[in-house]
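Under the UniProt record's numbering, residues 1 to 167 are what the sequence shown spells out, in order. Yeah, the Cβ is synthetic: ideal placement off N, Cα and C, and Gly gets one too. Notes follow the structure.
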Amino acid sequence: MVADDASSAGDAGDVDDANDVDAAELLARAGFDADASVLTERQAEVLALRERGLRQSDIADRLGTSRANVSSVEASARDNVERAKETVAFAEALSAPVRVEIPEGTDLYDAPKRVYDACDEAGVKVSQTAPDLMKTIGERAGDAVYGREVRERLLVTVAADGRIRVR
């Protein structure tokens, strides 16, 4: 969630002139389709403008609303994007030929062997070395891994093409 105008989407220094940014053009170039998206057109517009460095207050002026409303729309949009990502990850996990549970309390150094063994059984090739695989799992697990300790159960899936997902 974005708390203020100086948030992670960039600052106004990224945009020469806020008036030069055409939200409709940005959405069209990105292929936005409101009928097929989990985002409303307003949410997509706010995200597109934020990604171009506009401040919430500038967007509010442009849309004739308050900065608080823009903040709320942006937060809802980012939440919807995260939910959509989780839905895709879930669907991919269902169809992945390799699913490996890494229990809470596992040493991260033990995770690659579990993944490699399951991939060998399924005939799926993983193109990452053990250190790279540990790094991938650790980074994608977020707060569920601290140092070498897996603090929350993880599900590592490997697609037929070797793509790795961590949930």
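* To do: Return the CA-CA distance between K135 and R153, expressed in angstroms with no decimal places.
  => The count along the sequence shown starts at 1 and reaches residue 135 at position 135. The count along the sequence shown starts at 1 and reaches residue 153 at position 153. If you take the alpha carbons of K135 and R153, they lie about 17 Å apart.
* Asked: Given a threshold of 16 other Cβ atoms within 10 Å of its Cβ, counted over all protein chains shown, does T157 qualify as buried or as exposed?
  -> Numbered from 1 along the sequence shown, position 157 holds the residue referred to as residue 157. When all chains shown are included, T157 counts as buried.
* Check whether the Cβ atoms of Q43 and A75 sit closer than 7 Å, and answer yes or no. => Mapped onto the sequence shown, residue 43 falls at position 43. Mapped onto the sequence shown, residue 75 falls at position 75. In terms of Cβ geometry, Q43 and A75 do not form a close pair [threshold 7 Å].
* Asked: DSSP puts L27 in a beta bridge; with which residues?
  -> Indexing the sequence shown from 1 puts residue 27 at position 27. DSSP output for L27 lists no bridge partner at all.
* To do: Would you kindly work out how many angstroms separate the C-alpha atoms of I102 and A23, rounded to a whole number?
  => Sequence index remark: in the sequence shown, residue 102 carries index 102 (1-based). Sequence index remark: in the sequence shown, residue 23 carries index 23 (1-based). Near 43 Å, if we compare the C-alpha coordinates of A23 and I102.
* Asked: Per the contact definition of three or more C-beta pairs closer than 8 Å, is the segment 28-36 in contact with the segment 55-71?
  -> no
* Asked: E82 lies in the alpha helix (DSSP H); which residues open and close that run?
  -> To locate residue 82, count along the sequence shown from 1; it is residue 82. Unbroken alpha helix (DSSP H) run through E82: 67-95.
* For the alpha helix (DSSP H) holding T136, just list the boundary residues, first then last. => Translated into positions along the sequence shown, residue 136 becomes position 136. Per DSSP, T136 belongs to the alpha helix (DSSP H) from 130-141.
* Asked: Is the CB-CB distance between A122 and V98 below 7 Å?
  -> Residue 122 sits at position 122 when you count from the first residue of the sequence shown. Residue 98 sits at position 98 when you count from the first residue of the sequence shown. Their beta carbons are under 7 Å apart, which means A122 touches V98 by this criterion.
* Identify, in the order they occur along the chain, each residue of the same chain with its Cβ nearer than 6 Å to the Cβ of E149, setting aside the five sequence neighbours on each side. => Here the question's residue 149 lines up with position 149 in the sequence shown. The beta carbon of E149 lies closer than 6 Å to none in the same chain, with the five residues before and after it left out.
* Check each candidate in V126, R83, E45 and name the one with the smallest Cα separation from L26. => Indexing the sequence shown from 1 puts residue 26 at position 26. Closest option to L26, Cα to Cα, is E45.
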